[in-house]
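Beneath this line is the structure, given in structure tokens, with notes to follow.
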Amino acid sequence: MEIARQDSVDQLERFRSLFEHIDDAILDCTPEGTIVGWNPGAERLLGYSAEEAIGRSIMFLVPLDRQGELESALQILREGGRIEPIETERIRKDGSRIQVSVRPSRIDDRDGTLVGFSGILRDVTERKQVEEALRREVAEREKTEQALRRYQAMIDSAGEAILGIDPDGLIHSWNPGAERIYGYSAQEMVGRNVSHLAPPSKQAEVDEIRARILSGQPARNLETVRQHKDGRLVEISLTVSPVFDELGRVVGNTSLAIDIGARQEAERRWRSVVENAPDIILVADRQHRIRFINKTEHGEPPEALIGMDIFAYIPPEHQDMVRQKVESVFRTGQPVSYETRAVDLEGRQLGWYASRVGPVKRGAEIDAVIMIATNITERKNAERELKRSRSKLRSLSARLQSAQEKERLRIARELHDELGQVLTALKIDLAWLEDRTEEGAQLDRIAAMARLVDTTIGTVRRIATSLRPQLLDDLGPSAAIDWLTQEVCSRSGLHYRFRSNLGEERFEGERGLALFRICQEALTNIVRHAGATRVEVELERQGSQVTLRITDDGRGISEEQATGSESLGLLGLQERVLMLDGSVEIEGWADRGSRITARFPFNPSDTSGAEGFRA
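For the sequence shown, this note's numbering assigns the number 1122 to the initial residue and increments by one for each residue that follows.
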């Protein structure tokens, strides 16, 4: 009995020694959670002395967001369950959080009754940091491996030849692009010297590149040639970059070659086309400096113009317009066209050019414009001659029309003054005879003669009016055109409407007569060709402009009919308008009619002149 008691005392002493000297924190608490045991390890881990901790609730060490976790664990222990170690957090005396592994357990008396809980806390901060560092290292390694796989996939799918070369010039990597450009497989080239790809004439170049690389300097965009497996030369653009180790030492290089044979051939063809083009083709940068020009037309070599400002060859009166056009291309990327004169550096006129300007892009940016200038001096001269010829023809036409109108006026006056007076005298004589003749055959004959004279007088009046309507001179164009519309429509069975805001204002001279003749020609054309049932004529003055508008509901005139050489009436109508500095518009809609609109300038100050209105 005494021996058993001594064994219990020794065991208790060992437990106390373990409790006092273990590095882990050991906490004991009542079933209600009041701390009753606190070892030195707990003081080292959590910062509180035994005097500060014993008697307080275990919850003062637990963060609010972790208290539910501890309550659940204690409830499991109360119900007789077991709890595996939990990795959680506790609060130190200084307020910081510490990551711990907690192993809670239940304390029972000899009867198995719950008398408290015990918990062993171990600091796992360092382990967690190691785990986090390891996790980051694994993630970084995976990221690096993914990047390497992407990089290798890019190398394998690249159209360029990409080689890895060691400091001695031996190839250690060879992508499919290299096989396409040089013809050799990776098995054939890995381990061989890169100089194997260079023809004899380029061996010195290989040595120069190697020396440059060993000095740490890259060789960029070198246009050169290398030898294909089949012996032909391949034109390439070569970039070689040194590869450094962590100490900054050159441990090899990467070679990237682009096959530019097709580009070079395209450039040669393009240059041949450009140099032999009939037009001047130039490229200008954002500062308007010439970077390329294929030729000149006045003796200077093209090279002499490189770097010159394009505006040095444009006369001052055209520079603002050209500048706006060029800047528009830089701003919007949309091509523009314009015509301008060109001058030499002394300001002498060189001729006319039609220019088309478009953008030159580098990537998404516009860094230059291309100009194509066509010499149109001969065309301009021809246009000027044609304009003079048209002016002469128009002047001749005006004189002819004036002569026609004068002749019409003369004939109308002679019909009125001469033939009209004779017919009037004859009618008077017949009336005298009628008064002195008895009834009978002779009286009937005289009456018939009188009726014939009346008919002849009416015919003479109608002919005289058609030659020169007296209404035009007496009451002005509004009344004359109203009468004309009524006459034409009544003879042809057309319904009509006439509207005018001119009142009794009159044109004198050519303008009033031109309005009348234009309306006459338009109405005649409608009657002959339109198949219309209704006509509307409008005469309107708005400010300094007079508008004559004739609309019908016929079959509609086509553009070809309006401008065709066979439409002589419409051509004459247009000429009359143009001679008076007016404009004419002819519109037609299939089966919906046509509209002719003539507009004349009108200066209110001319109301007393021969060419203006008269009240």
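Don't be surprised by glycine CBs; every beta carbon is placed ideally from N, CA and C.
Legend entry - Proximity below 8 angstroms, CB of THR1209 to CB of ARG1187: The criterion of a C-beta distance shorter than 8 angstroms is satisfied by THR1209 and ARG1187.
Inset, instruction - Give the secondary structure of ARG1713 by DSSP, where H, G and I count as helix, E and B as strand, and everything else as coil. - result: Coil.
Legend entry - Pair within 8 angstroms by beta-carbon distance, LEU1710 and GLY1664: Checking the sequence shown, residue 1710 turns out to be Trp, not Leu. In this structure, TRP1710 sits away from GLY1664, with a CB-CB distance that is not shorter than 8 angstroms.
Legend entry - Residue from ASP1565, TRP1604, GLY1298 whose Cα sits closest to the Cα of ALA1378: Residue GLY1298 holds the alpha-carbon nearest to the alpha-carbon of ALA1378 among ASP1565, TRP1604, GLY1298.
Inset, instruction - With DSSP as the reference, label LEU1368 as helix, strand or coil. - result: Coil at LEU1368, not helix or strand.
Legend entry - Closest residue to MET1180 among ALA1254, VAL1236, TYR1459, ARG1211 (Cα-Cα distance): Of ALA1254, VAL1236, TYR1459, ARG1211, the residue nearest in Cα terms is ARG1211.
Legend entry - Top-ranked residue by Cα proximity to VAL1223, from PHE1238, GLY1633, GLU1460: Of the residues PHE1238, GLY1633, GLU1460, the one whose Cα lies closest to the Cα of VAL1223 is PHE1238.
Legend entry - Beta carbon of ARG1483 nearer than 8 angstroms to that of PRO1456: For the 8 angstroms CB-CB criterion, ARG1483 and PRO1456 do not form a contact.
Legend entry - Per DSSP, cross-strand counterpart(s) of ARG1227: Answer by DSSP bridge pairing, in chain order: PHE1238.
Legend entry - Distance, GLY1633 Cα to ARG1407 Cα: If you take the alpha carbons of ARG1407 and GLY1633, they lie about 57 angstroms apart.
Inset, instruction - Starting from ARG1662, follow its DSSP beta bridges and name the residues at the other end. - result: Paired residue(s): VAL1667.
Legend entry - Alpha carbon of ILE1427 to alpha carbon of GLU1421, nearest angstrom: Distance between the alpha carbons of ILE1427 and GLU1421 is about 11 angstroms.
Legend entry - beta strand (DSSP E) segment containing LEU1426, residue limits: Element bounds for LEU1426: n/a, residue is neither H nor E.
Inset, instruction - Measure the Cβ-Cβ separation of ARG1412 and ALA1489 and say whether it is below 8 angstroms. - result: Yes, the Cβ-Cβ distance between ARG1412 and ALA1489 is below 8 angstroms.
Inset, instruction - Please report the residue range of the alpha helix (DSSP H) in which PRO1161 lies. - result: Unbroken alpha helix (DSSP H) run through PRO1161: 1161 to 1167.
Legend entry - For ASP1575 and ILE1602, the rounded distance between their alpha carbons: When rounded, the distance between both Cα atoms is 27 angstroms.
Inset, instruction - Could you check what DSSP says for SER1482 in three-state terms: helix, strand or coil? - result: Note on residue identity: the sequence assigns Lys, not Ser, to residue 1482. Residue state for LYS1482 is assigned as strand, using DSSP reduced to three classes.
Legend entry - Contact under 8 angstroms by Cβ, VAL1315 with ILE1292: By the CB criterion at 8 angstroms, VAL1315 and ILE1292 fall inside the cutoff.
Inset, instruction - Quick one: grab the DSSP three-state call for SER1294. - result: Strand, per DSSP.
Inset, instruction - Specify, as a first and last residue, the run of the alpha helix (DSSP H) that VAL1450 falls within. - result: Annotation: the continuous alpha helix (DSSP H) that includes VAL1450 extends over 1437 to 1453.
Inset, instruction - Might you give, ordered along the chain, the residues of its own chain that have their beta carbon closer than 6 angstroms to the beta carbon of GLU1344, omitting 5 neighbours on each side? - result: Within the same chain, GLU1344 has close Cβ partners SER1358.
Inset, instruction - Grab the span of the beta strand (DSSP E) containing SER1621 for me, first residue to last. - result: Looking at the DSSP string, the run of the beta strand (DSSP E) that includes SER1621 is 1616 to 1621.
Inset, instruction - Express the C-alpha separation of ARG1389 and LEU1255 in angstroms, rounding to a whole number. - result: Cα to Cα, LEU1255 sits roughly 59 angstroms from ARG1389.
Legend entry - Distance, CYS1610 Cα to ALA1600 Cα: Their Cα atoms are separated by approximately 15 angstroms.
Legend entry - Whole alpha helix (DSSP H) elements within the region 1166 to 1219, 4-residue minimum: List check, alpha helix (DSSP H) in window: 1171 to 1174, 1188 to 1199.
Inset, instruction - Please name the residue, chosen from HIS1317, ILE1334, ASN1374, GLU1261, that lies closest to LEU1284 on a Cα-to-Cα basis. - result: Restricting attention to HIS1317, ILE1334, ASN1374, GLU1261, the CA atom closest to the CA of LEU1284 is found in ASN1374.
Legend entry - Element boundaries [alpha helix (DSSP H), containing ARG1418]: With the sequence shown as reference, residue 1418 is identified as Glu, and Arg is not the correct amino acid for it. GLU1418 -> no alpha helix (DSSP H), and no H or E assigned at all.
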